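For reference, the structure discussed in these notes is given below.
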Amino acid sequence: MKLFNYLKGDKVIWAIMFLLSLLSVLVVYSAVVTLAHKFKQGNTEYYLFKHFVIIALGFGIAYLFHKIKYTIFSKVAQIGFILSVPLLIYTLLKGVSAGEASRWLEVPGIGLTFQSSDIAKLMLIIYVARVLALRGKDLQDFRSIFKHLLIPIGLICALILPANFSTAALLFFNCLVLMFVGGINIKIILKILGICVLAGAMFFSWIWFAPDTIPGGRGSTWKTRLESFSSGDTKSNYQSEQAKIAIATGGVIGKGPGNSTQRAFLPQASSDFIYAIIIEEYGLLSGFVLLFLYMILLYRGIKILRDNDKPFGSFVAVGLSFSLVFQALVNMAVAVNLFPVTGQPLPLISMGGTSIWFTMIAIGIILSVSRSVEDKSEEKLETA
Numbered sequence: 557m558k559l560f561n562y563l564k565g566d567k568v569i570w571a572i573m574f575l576l577s578l579l580s581v582l583v584v585y586s587a588v589v590t591l592a593h594k595f596k597q598g599n600t601e602y603y604l605f606k607h608f609v610i611i612a613l614g615f616g617i618a619y620l621f622h623k624i625k626y627t628i629f630s631k632v633a634q635i636g637f638i639l640s641v642p643l644l645i646y647t648l649l650k651g652v653s654a655g656e657a658s659r660w661l662e663v664p665g666i667g668l669t670f671q672s673s674d675i676a677k678l679m680l681i682i683y684v685a686r687v688l689a690l691r692g693k694d695l696q697d698f699r700s701i702f703k704h705l706l707i708p709i710g711l712i713c714a715l716i717l718p719a720n721f722s723t724a725a726l727l728f729f730n731c732l733v734l735m736f737v738g739g740i741n742i743k744i745i746l747k748i749l750g751i752c753v754l755a756g757a758m759f760f761s762w763i764w765f766a767p768d769t770i771p772g773g774r775g776s777t778w779k780t781r782l783e784s785f786s787s788g789d790t791k792s793n794y795q796s797e798q799a800k801i802a803i804a805t806g807g808v809i810g811k812g813p814g815n816s817t818q819r820a821f822l823p824q825a826s827s828d829f830i831y832a833i834i835i836e837e838y839g840l841l842s843g844f845v846l847l848f849l850y851m852i853l854l855y856r857g858i859k860i861l862r863d864n865d866k867p868f869g870s871f872v873a874v875g876l877s878f879s880l881v882f883q884a885l886v887n888m889a890v891a892v893n894l895f896p897v898t899g900q901p902l903p904l905i906s907m908g909g910t911s912i913w914f915t916m917i918a919i920g921i922i923l924s925v926s927r928s929v930e931d932k933s934e935e936k937l938e939t940a
């Protein structure tokens, strides 16, 4: 395709973006039927057009970011990390509530809303990559790691946690993986993990026995989700049960595009549980193909690490790739009832607005790193 001649960076990642976005348009168009009848008098084309425009703009954003020299993001992350702190605090105090949680900020005048955690997550991963690249050799003991990594990681995750526990947990784990890739002693990482397990056990005990005393008012919601997941009660675990029905009735080859029946019973059919709708309409085979595409995305991120001789770019590519793929795995695990409901969307698939754009920004940055590797390879060939 001539289009690929204008695109720099890893062509496989570009192809995965296109395939996932195409699937997203098809599935969202089917999944929003109930939503359209509820809010738009059955006008599914409204949601189709809106989603298509968001994805098209997302591709433009990815293209723009992949043209920027990735080293610039090192300096941007410093400023972005600092700005994320007051932004997250403001969200907790004055943010727009959704699902009993204050997660959103609204841009005055245009009515555009976004999750400040999306910005903070992106900035923190790049910031950690920067610290590992600049101070990697000095981060050999727990004290230095605590000072330069755990304090900023803990601060951002702690500010995200009251409104979005799953995002905070995933982000913290992602940073631990990035620390491992960055050469931090595995014994220290295991020590940190052990402390986190102990703290997590205490926190879950707090949720279980005194949810109403947890700041932010989300304790009762978390306890309800844990109880629903652990009890197996079909009434209290309604969404997960409907998702399982969708997957079971889809079979190997599915019911066909637009033929989902469970979309009428899943409140989050176009977002949190869209993976179940994909399997219902396109079959288990499509579910495995989708998983395979995400694994390829992760592999291409790791390949950049292998091919690139610059630590910062390598860490950024792996950190962002792992973040996207791990989020996808969690979304899929929720759909098949392996995890309690988390509210994590399926990257590049779930219907959304700014969340899709932030995903495209992340992929654009990954492509920027791969473009740099590609350019250096071409220079070596020319000088050989």
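Residue numbers (our numbering): 557 to 940.
Just so you know, even glycine gets a beta-carbon here, dropped at the ideal spot from N, CA and C.
These numbers were taken from a predicted model, which means no experiment stands behind them.
Assuming residue i and residue j are in contact, meaning their beta carbons sit under 8 Å apart, how far apart are those beta carbons, in whole angstroms?
i	j	result
V881	I858	No, V881 and I858 are not in contact; Cβ-Cβ is about 10 Å, not under 8 Å.
L661	S672	5 Å
I833	A587	5 Å
F871	L688	5 Å
I852	S842	At roughly 15 Å, the Cβ-Cβ gap does not stay under 8 Å, so I852 and S842 are not in contact.
T590	R819	6 Å
M916	I617	5 Å
I921	L876	6 Å
L923	G565	4 Å
Use the C-beta contact count for residue i: other C-beta atoms within 10 angstroms, 16 or more gives buried, fewer gives exposed.
i	result
F848	exposed
K623	exposed
V960	The question about residue 960 has no answer, for the chain in this structure spans 557 to 940.
Y683	buried
T647	buried
K779	buried
Y585	buried
G919	For the record, residue 919 in the displayed sequence is Ile; it is not Gly. It is buried - the Cβ of I919 has at least 16 other Cβ atoms within 10 Å.
H607	buried
I742	exposed
N815	exposed
V808	exposed
W913	buried
L620	exposed
P813	exposed
I628	exposed
Y562	exposed
P540	Residue coverage of the chain in this structure runs from 557 to 940, which leaves residue 540 outside it and unanswerable.
G869	buried
S580	buried
S577	buried
A755	exposed
F670	buried
T898	buried
I701	buried
Please state the DSSP three-state secondary structure of residue i.
i	result
F821	coil
L591	helix
Q597	coil
L668	strand
L661	strand
V886	helix
V808	coil
V881	helix
V892	coil
V737	helix
V929	helix
V874	helix
V897	coil
Nearest CA to the CA of residue i: which residue from the options?
i	options	result
I744	F760, F759, F698	F698
V609	N893, V925, G909	G909
P901	M679, D828, F736, P813	D828
D931	V892, I917, W570, N864	N864
S718	H704, I681, G651	Sequence inspection shows Pro at residue 718; the Ser mentioned does not correspond to that position. Comparing Cα positions, the closest option is G651.
L680	Q634, R659, N720	Q634
V925	N893, R862, L644, V897	R862
M735	Q696, I675, G565, S761	Q696
A571	R856, I921, L604	R856
K811	A884, E837, I830	E837
M907	K594, L604, G565, N730	L604
L947	R691, V737, K677	As shown, the chain starts at 557 and ends at 940. That puts residue 947 outside it, with no answer to give.
L732	F721, C713, L668	C713
T777	G738, D566, N720, I830	N720
V737	T669, R686, L840	R686
F729	R659, I645, V886, L894	V886
F844	I860, M888, L644	M888
Confirm the yes/no value for this check: CB of residue i, any heavy atom of the ligand ATP, distance under 7 Å.
i	result
A685	Among the components of this structure there are no ligands whatsoever, and the ligand ATP is therefore not found.
### Query
Would you call the stretch 792-800 and the stretch 816-824 in contact, with 3 or more CB pairs under 8 Å?
As far as the Cβ criterion goes, the stretch 792-800 touches the stretch 816-824, which means the pair count is three or higher.
### Query
Is it true that the stretch 625-638 meets the stretch 590-609, where meeting means three or more beta-carbon pairs spaced less than 8 Å apart?
With the rule of 3 Cβ pairs closer than 8 Å, the stretch 625-638 does not count as touching the stretch 590-609.
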